[in-house]
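Novice: To start, I am sharing the structure in question, which I have written as structure tokens.
In this note's numbering, the protein residues as written are 1403 to 1679.
What follows is the structure, given as structure tokens:
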């Protein structure tokens, strides 16, 4: 039984590796450098040009002397640390199409991880619910990345709720050096959404000062717009609370979409006002 489970896990990780490597090749191969490896102020050395390098970094004198294209390397281009803070709370299990939100988050995390390892950067992982449940310190290499992806895909959390503040507190405690931290969540906040956002604001600001923080919000289409299918019961997977809605009424569907849009707008505003990407 254990052998069968291990084989299934290995096959799934390989599928993700193949898919995300293709996505990295098609989408991020050139963009990673320009987005995360900004030009520093201190010149370090020259190296041969690789696809994706900015034209403005070409060292024309060395290029003319050697007949090969060289670019100037700056100190900021040295090793980065990428931290993935991924929400594995119960709400991530929802999915109205072929993928759950957790699977979407796993795919995104995998693409970022493979992009980092291709650029010789370190990758670390924090999986959280209402507390930090798993921490993998930043490291390099393919075997490390495959372990990170395996945990993203198959980790079984103890908690069901969401506590973004606890996740950021933990990251600030264990990651001493500045990192690029991706906070990947569906942002299903407990209690009153707007009040919870305001509570979250100070922690976003503090974390944004310690690290380059990037917040990534993942949602399912059905969380934005209800189908016209009559009476349904919606359950909060984190609290168990249930609400009945008559989706046959246009005003109910319109109100649901309005509330969802308002939440997303407030979330984007809060994140940007905290100086977070």
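All C-beta atoms in this analysis are idealised placements derived from N, C-alpha and C, irrespective of residue type, glycine included. What you are looking at is a predicted structure, and each value in this text was computed from that prediction instead of being measured.
Count the other C-beta atoms from every protein chain shown that fall within 10 angstroms of the C-beta of residue 1671, then say buried if there are 16 or more, exposed otherwise.
Specialist: Exposed, since its Cβ has fewer than 16 Cβ neighbours within 10 Å.
Novice: Would you call the CB atoms of residue 1564 and residue 1589 closer than 9 Å?
Specialist: Contact: yes.
Novice: Roughly how many angstroms separate the alpha carbons of residue 1529 and residue 1471, rounded to a whole number?
Specialist: Going by the C-alpha atoms only, they are around 42 Å apart.
Novice: Tell me where the beta strand (DSSP E) around residue 1619 begins and ends.
Specialist: Residues 1614 to 1619.
Novice: What residue range is occupied by the uninterrupted beta strand (DSSP E) comprising residue 1534?
Specialist: Taken as a continuous stretch (DSSP letters only), the beta strand (DSSP E) holding residue 1534 covers 1534 to 1541.
Novice: Could you say which of 1658, 1642 and 1619 lies nearest to residue 1630 if we only look at CA atoms?
Specialist: Measuring from the Cα of residue 1630, the nearest candidate turns out to be 1658.
Novice: Are the Cβ atoms of residue 1633 and residue 1646 separated by less than 9 Å?
Specialist: In this structure, residue 1646 lies closer than 9 Å to residue 1633 by Cβ.
Novice: In this structure, does DSSP put residue 1589 in helix, strand or coil?
Specialist: The answer is coil: DSSP assigns residue 1589 none of H, G, I, E or B.
Novice: Relative to the C-alpha of residue 1532, which candidate in 1554, 1557, 1489 and 1506 has its C-alpha closest?
Specialist: The residue with the shortest Cα to Cα distance from residue 1532 is 1489.
Novice: In chain order, what residues of the same chain lie with their CB nearer than 6 Å to the CB of residue 1679, ignoring the 5 residues before and after it?
Specialist: Once the five neighbours on either side are set aside, the close Cβ partners of residue 1679 are 1616.
Novice: From the DSSP output, in three-state form, read off residue 1475 for me.
Specialist: DSSP places residue 1475 in strand when its eight states are reduced to three.
Novice: Taking Cβ to Cβ, would you say residue 1583 is nearer than 9 Å to residue 1546?
Specialist: No. Outside cutoff.
Novice: Once you ignore the five residues that flank residue 1557 on each side, which residues in its own chain have a CB closer than 8 Å to its CB?
Specialist: Correct list, in chain order: 1490, 1529, 1535 and 1536.
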